[in-house]
Amino acid sequence: MLENFSFRTIAEYLPLFGQGLVTTVWLSALSFIGALVVGIVLCAANLQRAWMFRAPAKAYIDAVRATPLLAQLYFLYFGLPRLGFVLPELVVGILALSLNSGAYVAEIIRAGILSIPRGQVEASVASGMTYAQRMRLVILPQAFKVTIPPLLGQAIVLVKDSALLSLISVAELTRAGQLLASDRFMPAEGFITIAAFYLLLYYGLKGLAVLSSRWLGTAGARI
Amino acid sequence: MTKTGMIDFRGVNKWFGALNVLKDITLSVEPREVVVVCGPSGSGKSTLIRCINGLETIKDGDLVVDGQRLGDPATNMTRLRTEIGFVFQSFNLYPHKTALENVTLAPIHVRKIPRAEADKAGRELLAKVGLADKVNAYPAQLSGGQQQRVAIARCLGMRPKIMLFDEPTSALDPEMISEVLDVMVAVAEEGMTMMVVTHEMGFARKVAQRVVFMDAGAIVEAGTPEEFFSDPKTDRSRAFLSKILRH
Numbered sequence: 006m007l008e009n010f011s012f013r014t015i016a017e018y019l020p021l022f023g024q025g026l027v028t029t030v031w032l033s034a035l036s037f038i039g040a041l042v043v044g045i046v047l048c049a050a051n052l053q054r055a056w057m058f059r060a061p062a063k064a065y066i067d068a069v070r071a072t073p074l075l076a077q078l079y080f081l082y083f084g085l086p087r088l089g090f091v092l093p094e095l096v097v098g099i100l101a102l103s104l105n106s107g108a109y110v111a112e113i114i115r116a117g118i119l120s121i122p123r124g125q126v127e128a129s130v131a132s133g134m135t136y137a138q139r140m141r142l143v144i145l146p147q148a149f150k151v152t153i154p155p156l157l158g159q160a161i162v163l164v165k166d167s168a169l170l171s172l173i174s175v176a177e178l179t180r181a182g183q184l185l186a187s188d189r190f191m192p193a194e195g196f197i198t199i200a201a202f203y204l205l206l207y208y209g210l211k212g213l214a215v216l217s218s219r220w221l222g223t224a225g226a227r228i
Numbered sequence: 005m006t007k008t009g010m011i012d013f014r015g016v017n018k019w020f021g022a023l024n025v026l027k028d029i030t031l032s033v034e035p036r037e038v039v040v041v042c043g044p045s046g047s048g049k050s051t052l053i054r055c056i057n058g059l060e061t062i063k064d065g066d067l068v069v070d071g072q073r074l075g076d077p078a079t080n081m082t083r084l085r086t087e088i089g090f091v092f093q094s095f096n097l098y099p100h101k102t103a104l105e106n107v108t109l110a111p112i113h114v115r116k117i118p119r120a121e122a123d124k125a126g127r128e129l130l131a132k133v134g135l136a137d138k139v140n141a142y143p144a145q146l147s148g149g150q151q152q153r154v155a156i157a158r159c160l161g162m163r164p165k166i167m168l169f170d171e172p173t174s175a176l177d178p179e180m181i182s183e184v185l186d187v188m189v190a191v192a193e194e195g196m197t198m199m200v201v202t203h204e205m206g207f208a209r210k211v212a213q214r215v216v217f218m219d220a221g222a223i224v225e226a227g228t229p230e231e232f233f234s235d236p237k238t239d240r241s242r243a244f245l246s247k248i249l250r251h
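Chains as they are written, first to last, in my numbering: chain A, 6 to 228; chain B, 5 to 251.
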């Protein structure tokens with residue numbers, strides 16, 4: 006098999022892979038920012054005592070976690086135009102990834118907040134802090150440190166999930182591999198190359214996770 | 005209006021489900037008075053003092069603290085809590101803040117004291133509890149006794165009218181107990197109104213005006229430390245004292 010493997014064709018398509026890689030990186034970054042916004046809002050609603058905030062947040066999180074991302078993507082891609090929203094594929098893709106990943110981010114943040122010992126809440130309550138002061142000064146700074154590693158894990162998942170956007174013809178990394186595979190009928194060259202690029206992205210994010218945990222590790226002397 | 009104490013329980017009841025954890029509590033603590041609460045575990049001592057700053061709510065009866073009735077819509081609980089320091093058994097210092105920041109956090113954000121002024125007061129308080137050299141240490145770098153002293157300084161930073169202590173030395177190694185008790189004695193001698201849940205009978209003898217003995221959610225006996233230790237009135241308190249004083 007390897008004697009037929011054409012590195013020359015891969016080299017020929019390298020500019021296309023490069024563009025795809027760049028697109029994957031920035032659309033993932035935008036989607037992750039979107040996911041953080043969605044996640045924070047969902048988590049805030051989910052932590053309220055009033056059910057009218059909590060119930061919709063829980064229902065949303067369940068719906069996202071129970072259905073395949075591909076179904077969600079098609080739901081938006083084919084559903085939004087019917088409601089009169091005709092958006093570019095790229096925008097639909099970023100929206101889908103943000104809305105999907107946001108549900109997971111909400112649960113990660115919630116777990117981080119709930120991991121803060123009850124005594125921290127009691128100490129801040131006893132000192133006369135309001136709910137907002139307690140969150141801002143005591144709970145969130147501690148929860149933040151706990152959530153960074155799992156959030157980076159979620160970012161890695163998001164980068165891989167972005168491959169699905171190739172199915173709505175967003176010109177990202179996987180799409181570049183598909184083009185090579187179908188133009189030259191060279192699926193091995195196409196998909197092994199994108200796998201290598203995903204691996205590269207993975208190690209980049211993992212390096213970030215290691216750096217952050219090292220930073221948290223030194224800060225860990227504080228915990 | 006009848007004369008009220010700093011802390012006034014009148015016929016207070018509380019339930020956890022079917023369990024009556026506070027039974028018809030009536031107790032008045034005068035300003036500058038130090039009251040020690042003791043009794044077997046599960047007797048409701050902690051619950052009693054946690055009601056005072058609203059960490060627990062009461063079911064019926066009246067609880068008036070610093071002239072304000074708890075549960076009354078006119079009572080601003082957040083505001084009232086700034087007048088009440090609470091020292092926990094497990095310290096509950098903020099792990100992401102230094103000792104000084106632990107002391108100044110609430111004064112700066114709740115009392116709105118300028119940072120420079122709060123820092124100065126915070127350093128003085130830490131010096132007062134013997135931790136002038138630990139100003140910039142994080143809680144994890146401090147021993148249990150040091151952490152509890154920071155926790156006391158943190159309460160004092162708010163210049164409270166009342167200090168509540170919930171078994172402040174129970175989580176400490178024996179050799180650290182006295183350093184915390186010394187600080188508490190100093191606070192008491194400055195005229196702070198205090199309620200202290202503790203089994204440190206030496207502390208009770210030294211500074212308490214009254215000892216309250218609780219059992220099964222009720223106040224069984226209350227009296228001066230002298231009376232209570234030398235001449236306990238009930239079988240229950242005699243049995244309790246014989247157990248804790250035997251060793």
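Backbone N, C-alpha and C fix where the C-beta goes; we use that ideal spot for every residue, glycine too. Please read these numbers as outputs of a predicted model, since none were measured by experiment.
- Contacts with chain B at 8 Å (Cβ-Cβ) do not include A/Gly117.
- Nearest to B/Asn96 by C-alpha distance, out of B/Leu52, B/Asp170, B/Ser182, is B/Asp170.
- From the listed residues A/Gln138, A/Glu112, A/Leu95, the smallest Cα separation to A/Leu170 is found for A/Leu95.
- Pairing A/Leu26 with A/Phe202 gives a Cβ-Cβ distance under 8 Å.
- Contact of A/Met134 with chain B is assigned, a C-beta pair being separated by under 8 Å.
- Against B/Val189, chain A offers no close residue; the least beta-carbon distance is about 22 Å (beta-carbon pairs closer than 7 Å).
- Interface criterion not met: the Cβ of A/Val43 is under 8 Å from no Cβ in chain B.
- Annotated as proximal: B/Tyr98 and A/Gln125, with beta-carbon spacing under 8 Å.
- A/Leu178 counts as buried, since no fewer than 16 other beta carbons sit within 10 angstroms of its beta carbon.
- The stretch 38-48 of chain B makes contact with the stretch 190-205 of chain B; the number of CB pairs closer than 8 Å reaches 3 or more.
- The beta-carbon of B/Arg83 is placed less than 8 Å from the nearest beta-carbon of chain A.
- Residue pairing of B/Ser32 in beta bridges, as defined by DSSP: B/Asp12.
- Taking a C-beta cut-off of 7 Å against chain A, the contacting residues of the stretch 48-60 of chain B are Asn57, Leu59, listed in chain order.
- DSSP, reduced to helix, strand and coil, places B/Ala141 outside both helices and strands of the structure shown, so it counts as coil.
- Listed along chain A are Ser132, Gly133, Met134, Thr135, Gln138, each with a C-beta nearer than 9 Å to that of B/Val114.
- Within the same chain, Gly149, Thr173, Glu204 come within 8 Å of B/Ile181 by CB-CB distance, once the 5 residues on both sides are set aside.
- For B/Gly65 against B/Asn24, the beta-carbon gap comes to about 12 Å, at or over 8 Å, which does not count as contact.
- Counting along the chain, the unbroken beta strand (DSSP E) around B/Arg214 starts and ends at 214-219.
- Scanning its chain for C-beta atoms nearer than 7 Å, with the 5 sequence neighbours on each side dropped, one finds around A/Tyr207 the residues Ile161, in chain order.
- For A/Gln24, not one C-beta of chain B is nearer than 8 Å to its own C-beta.
- A/Leu185 sits buried, since 16 or more C-beta atoms from the chains shown fall within 10 Å of its C-beta.
- For B/Ser94, at least one C-beta of chain A is nearer than 8 Å to its own C-beta.
- Closest by C-alpha distance to B/Asn57, out of B/Arg209, B/Ser241, B/Thr79, is B/Thr79.
- Here the alpha carbon of B/Phe92 sits roughly 22 Å from the alpha carbon of B/Ser32.
- Taking C-alpha positions only, B/Thr82 is separated from A/Asp166 by approximately 46 Å.
- In this structure, the alpha-carbon of B/Gln213 lies about 13 Å from that of B/Phe233.
- It is roughly 49 Å from the alpha-carbon of A/Ala55 to the alpha-carbon of A/Phe22.
- Within chain A, Ser132, Gly133, Met134 have C-beta atoms less than 7 Å from the C-beta of B/Ala110, given in sequence order.
- Note: B/Trp19 is bridge-paired with B/Asn24 in the DSSP secondary-structure output.
- Non-local C-beta neighbours of B/Met218 in its own chain, meaning closer than 6 Å and more than five positions away in sequence, comprise Gly43, Ser47, Gly48, Lys49, ordered along the chain.
- A Cβ of chain B is located within less than 8 Å of the beta carbon of A/Leu142.
- Residue pairing for B/Thr197: DSSP places it in a beta bridge opposite B/Ile166.
- For B/Asp70, the secondary structure class from DSSP, reduced to helix, strand or coil, is coil.
- In the structure shown, B/Asp177 adopts coil according to DSSP, grouped into three states.
- For the pair A/Ser129 and A/Gly209, the Cα-to-Cα distance works out to about 39 Å.
- C-alpha of B/Ser241 to C-alpha of B/Lys210: approximately 20 Å in a straight line.
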